[in-house]
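Novice:
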Amino acid sequence: MKTHLKILFSILLLFLLTNQILAQDTSKAHKDSLDTVVKKYYDLNLKIFQKNSTIEDIDRAFELFTDDFEYVHPKYGGTYTRLDLYNGYVRNQKKGGYDGKITDIKIVNKIIGLNAVVVEKRFVKKKDDGIKVGDSEMTLFEFKNGKISRIFEYW
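When the letters of the sequence shown are read in order and numbered with my numbering, they come out as residues 429 to 583.
#1: Here's the rule: buried if 16 or more other CB atoms are within 10 angstroms of the residue's CB, otherwise exposed. What is L561?
#2: Label L513 either buried or exposed according to how many other C-beta atoms from any shown protein chain fall within 10 Å of its C-beta, with 16 as the threshold for buried.
#3: Roughly how many angstroms separate the alpha carbons of S577 and R510, rounded to a whole number?
#4: Do A571 and L474 have their C-beta atoms within less than 7 Å of each other?
#5: Which residue from I540, M566 and I539 puts its Cα closest to that of R550?
#6: At what residue ranges does the stretch 519-553 contain a whole run of the beta strand (DSSP E), taking only runs of 3 or more?
#7: Could you give the first and the last residue of the continuous beta strand (DSSP E) run that contains D496?
#8: Report the three-state DSSP secondary structure of G558 (helix, strand or coil).
#9: According to the Cβ coordinates, are Y526 and F477 closer than 7 Å?
#10: Only counting the same chain, and skipping five residues up and downstream in sequence, which positions put a Cβ closer than 6 Å to that of F580?
#11: Do you know offhand how far G524's Cα is from K553's?
#12: Less than 8 Å between the CB atoms is what I'm expecting for K575 and F490, so what's the real figure, rounded?
Below you can see the structure in the form of structure tokens.
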């Protein structure tokens, strides 16, 4: 009887430890996938901000968003739908607003959670007197099914 209990206890312990290890692997993979989407978002935005960017560059960035995506920036007008934001990008591009003055987007810090990433970033810009690193800015990304469902700017 004692032998059976020892075997049963060993199997139960092995099952619990294996389950815990698999849960950690899934969590790491989930965080890595969110991190990859945020990096891709900033890489595509940097490309869009250049003088020679195209509508296709904007389209590629918007592929990262859910259909019900919203962009919230209280300092610059409040809440925008996916279509509002897309039209704004296209309008800025047509007016020459993307002129290559933003040369980089430095990610200073990231906190990756369950379906959310908070980023501290700094824009690097060309100025008349050289390259300047801007102030820190905070952005929250929320996700649904691996796509960005909401961006909230806290700057």
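For glycine and all other residues, C-beta sits at the position ideal for the given N, C-alpha and C.
Specialist: So, from the data block:
#1: Position 133 of the sequence shown, counted from the first residue, corresponds to residue 561. Here the sequence assigns Val to residue 561, which means Leu is not the residue at that position. With fewer than 16 Cβ atoms within 10 Å of its Cβ, V561 is classed as exposed.
#2: As a first step, residue 513 is located in the sequence shown; it is residue number 85 there, counting from the start. With 16 or more Cβ atoms within 10 Å of its Cβ, L513 is classed as buried.
#3: Within the sequence shown, numbered from 1, the residue matching residue 577 stands at position 149. Within the sequence shown, numbered from 1, the residue matching residue 510 stands at position 82. So the alpha carbons of these two residues sit roughly 9 Å apart.
#4: Stepping through the sequence shown from its first residue, residue 571 is reached at position 143. Stepping through the sequence shown from its first residue, residue 474 is reached at position 46. In the sequence under discussion, the amino acid at residue 571 is Phe, which differs from the Ala named in the question. It is not a contact, given that the beta carbons lie outside the stated cut-off.
#5: Within the sequence shown, the letter at position 122 stands for residue 550. Looking at the Cα atoms, M566 is the closest of the given residues.
#6: If we require 3 residues or more, the beta strand (DSSP E) runs fully inside the stretch 519-553 come out as 530-541.
#7: The count along the sequence shown starts at 1 and reaches residue 496 at position 68. Looking at the DSSP string, the run of the beta strand (DSSP E) that includes D496 is F493 to H501.
#8: Working through the sequence shown from its first residue, we reach residue 558 at position 130. Looking at G558 - three-state DSSP - the assignment turns out to be strand.
#9: Residue numbering aside, residue 526 sits at position 98 when the sequence shown is read from its first letter. Residue numbering aside, residue 477 sits at position 49 when the sequence shown is read from its first letter. Going by C-beta atoms, Y526 is nearer than 7 Å to F477.
#10: In the sequence shown, counting from the first residue as 1, residue 580 sits at position 152. Answer for F580: V500 and L568, listed in chain order.
#11: Position 96 of the sequence shown, counted from the first residue, corresponds to residue 524. Position 125 of the sequence shown, counted from the first residue, corresponds to residue 553. One C-alpha to the other measures close to 16 Å.
#12: For this step, residue 575 is matched to residue 147 along the sequence shown. For this step, residue 490 is matched to residue 62 along the sequence shown. That pair is no contact at about 10 Å.
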